Each structure stands twice: as C-alpha cells, then as structure tokens.
Amino acid sequence: MKYSKYISLLIMLLPIVVFAFVKPAKIVLPQLAGVECIKEWICIDNHDRFQEAENLYETSLSKVERKLTKFENKPKVVFCSSNECFSKFGFNKAAGKSIGGFGVVIGPRGWKPHYIAHELIHQWQSSNFGAIAVWLGPSWIIEGMAYALSDDPRKKLSEPFQSYTEQYTKEFGQLSGPELALALEKEI
Ligand SMILES: [Zn+2]
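Structure, rendered in structure tokens:
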C-alpha cells in the first residue's frame, strides 16, 4: 500500500516535471509559455501580430496541401515574435522547429512563408508516417523534401542540406499528392 501511494504521487507529479524540464513539451499546452491560442491551431505571444500570423499560416498551409495531401487536422503553430518566447520552448537560433507530431514553433526570424511551409511539411510527414518513423527516417528524404517543397528562396543551401535536396528532387521530384505519399511510405 505504501509503495502504491508513492507511485500515484509520482504519476501526479510527472506532467509537472515534464513541463518544467522538457521545454519543447510546452507545445502541448503553449499557454504555459505565456502565449495565447487565438485559434486552436494558431498561438501567438503578441496579439497585435495575429493577422500577419494567420495570413502566413493559411498561405503556407494551402501551398503545402496543394503539393501533398490535405491534413486531417490543422497542425498547431506557435508564433513567437520574441526570443524570450522562443527560448521558453528550448530554442534560440533556429527559424522554426517541428516538435514530433505535436506542432511547430516559429521563432522571431522565421515569420516567412518558406520557413513555415518547411515546418508544416515535417508535420505532414509525422501525421502520415508517424513521428518516430520520421525521426528515424533517412535525412535526405525528411529534410530534402522539406527544403525542396517549401520554395526556399536560397539558391544554394549549406551542406548537407543542398545534397539532400538534390537527391530528393532526383528521386521524388516528379511526384506529388497521394502518389508521392505512397512512394515515400515505402522509404520512411
Ligand atoms: Zn527541417
């Protein structure tokens, strides 16, 4: 009996410990990072920039869905306009980060359609193939696809991403929609 009490206490404390020490876990409950979820799928730290965030979200989402397939549920994106907000999720230098199948956090320098599309592509990969399969999947497909299909304006990416993108384009560049999903399923 004594031990079962300790175990129940541990189970009760676990979420608190996870949220306190695993910063990206806040994507599940972004309010813990001080952001407001104005829509179920758009959270933001600065109310005044909501319209800008929503426009970026909708443009990027429809572009990704046109090339791939429709999302079953709209992926959650947290828009951080400050470094302070971004660091509460455990990030600093990146433009944005996709956190498993839970959603995306966009940092202050990531408010651009290609960065948002890039992270939404990672969400599409997770929702179609599973977050663990994507995590373990070949980087040239996972990253190459995100760079190739997000209309990244950079002529030449840093390595290894340039090579990943070239390899992806060579193997899958002709495919889109369900046909692409099927071909990728065999590889991821
Ligand atoms: Zn990426």
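According to the numbering used here, the sequence shown is numbered sequentially starting from 37.
Note that CB positions come from ideal geometry on N, CA and C, so glycine has one too.
Bear in mind the structure is a predicted one, so any value in this text is a computation, not a measurement.
Query: Check: E202 C-beta below 8 angstroms from any heavy atom of ligand 2; Result: No copy of ligand 2 occurs in the structure displayed; its ligands are ligand 1 alone.
Query: Any non-hydrogen atom of ligand 1 closer than 8 angstroms to A182 Cβ; Result: yes
Query: beta-carbon E101 near ligand 1 non-hydrogen atom, thresh 8 angstroms; Result: no
Query: Any non-hydrogen atom of ligand 1 within 8 angstroms of S134 CB; Result: yes
Query: Assumed close pair V141, F125 - CB separation to whole angstroms, cut-off 8 angstroms; Result: 5 angstroms
Query: Selected residue, minimal CA-CA separation from P149, among G132, N164, F165, F138; Result: G132
Query: Sequence-distant residues of its chain with Cβ nearer than 7 angstroms to P144 (five each side left out); Result: C116, S117, S118, N119, F122
Query: Reduced DSSP secondary structure (H/G/I, E/B, other) of C79; Result: strand
Query: Inter-residue spacing [alpha-carbon to alpha-carbon] between I43 and V54; Result: 16 angstroms
Query: Beta bridge counterpart(s) of C73 as assigned by DSSP; Result: C79
Query: Cβ neighbour criterion (16 or more within 10 Å) applied to E72; Result: exposed
Query: Check: H158 C-beta below 8 angstroms from any heavy atom of ligand 1; Result: yes
Query: Test item: CB-CB of I135 and I224 under 9 angstroms; Result: no
Query: Where K222 falls: helix, strand or coil (DSSP); Result: coil
Query: Chain-order list of residues whose beta-carbon lies under 6 angstroms from that of I74 (same chain, five-residue window excluded); Result: F86
Query: Stretch-stretch touch, CB-based, cutoff 8 angstroms, three pairs: the stretch 211-220 with the stretch 191-201; Result: no
Query: Residues bridged to G137 (per DSSP); Result: BP columns for G137 are empty, so no partner.
Query: Best match in S212, S175, L185 for proximity to Y200 [C-alpha to C-alpha]; Result: S175
Query: CA-to-CA distance, I78 to E90, given in whole angstroms; Result: 7 angstroms
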